[in-house]
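Sequential numbering of the sequence shown, starting at 120, is according to this note's numbering.
From the three backbone atoms N, C-alpha and C, an ideal C-beta is built for every residue, glycine too.
I have placed the structure first, in the form of C-alpha cells, so that the comments after it can refer back to it.
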Amino acid sequence: MAIVLLVSLVAPLLNSCAAPGTDALTGTTWYMVSGVEGTPAWSWTLSNQTQSRYTIRFETDGTFGAQADCNQVAGAWEARGSDRLTITPGPMTLALCGENSLDVLYAGLLGQVRNWNVASTGMTLTLADGGQLDYTSVAPATPPPTAAGTTPTPATPT
C-alpha cells in the first residue's frame, strides 16, 4: 500500500520534468541570429542590435517564454527521444511592433518546430517545412549607454 501511495505521489512530479538529455536546451536564454522558412523559401539574418528582441528560454517544467520583438510569448514544450521537439505557443501580447517586425512570423514558426540540436553555444530548431531557426546563447553586445541628453560623437583622427 505504501509503495502504491509513493508511486502515485511521485509520478506527477516526474511527468513535469524535462526529458532526459535536454539539459543543454533548458535554463538558457537563446538569441535568434538567423532563420530560413522552407515554404515559401525565405531567409533572414538579425543584426547584433536586433538579436535580443527575438529570444526563447526553455524551462525544466516544460514551459517556455519568448521575446518576439516588442511582444512576449508563453507556452509549453515537450522533447521526445534525442532530438524531437514540440513547441506549443500560448498567450502572446499583441503590441504593434512596426511594419518590419518579424514578431508574428517568429511566433508562428515556433509552433512548427519539430527537432532541436545544441552544439557549443549554438542551437538550431528545425521546422516542419525543412526551414530552421538558428540561435546563440551568447548575449549580443550592446553599445555603452550615453548620459541623458548627450549625443555620442565619432572620434576624429589626430
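Hey, could you find the ends of the alpha helix (DSSP H) residue i is sitting in?
i: residue 223; result: 222-229
i: residue 169; result: 167-170
With distance defined between alpha-carbon atoms, name the residue in the options nearest to residue i.
i: residue 151; options: 226, 248, 207, 179; result: 226
i: residue 241; options: 175, 216, 231, 249; result: 175
i: residue 252; options: 217, 164, 214; result: 164
i: residue 220; options: 170, 199, 160, 149; result: 170
i: residue 212; options: 186, 203, 205; result: 186
i: residue 192; options: 167, 198, 203, 228; result: 228
i: residue 216; options: 224, 183, 209; result: 224
i: residue 148; options: 184, 166, 158, 203; result: 184
i: residue 146; options: 182, 168, 158; result: 182
i: residue 254; options: 167, 261, 201; result: 167
From which residue to which residue does the beta strand (DSSP E) around residue i run?
i: residue 162; result: 161-164
i: residue 249; result: Looking at the DSSP string, residue 249 is not in any beta strand (DSSP E), and its letter there is neither H nor E.
i: residue 154; result: 148-156
Can you find the residues in the same chain that come closer than 6 Å, C-beta to C-beta, to residue i, ignoring five residues on each side of it along the sequence?
i: residue 207; result: 194, 195
i: residue 155; result: 162, 250, 251
i: residue 214; result: 189, 190
Within the same chain, show all residues whose beta-carbon is closer than 8 Å to that of residue i, passing over the 5 residues directly before and after it, in chain order.
i: residue 257; result: 150, 240
i: residue 126; result: Residue confidence for residue 126 is low, a pLDDT of 33 falling below 50, so the modelled location carries little weight and cannot support an answer.
Considering only the beta carbon of each residue, do residue i and residue j sit closer than 8 Å?
i: residue 160; j: residue 237; result: no
i: residue 198; j: residue 243; result: no
i: residue 222; j: residue 158; result: no
Short of 7 Å in beta carbon distance, which residues of its chain neighbour residue i, apart from the five on each side in sequence? Order them along the chain.
i: residue 178; result: 145
i: residue 234; result: 202, 203, 204, 245
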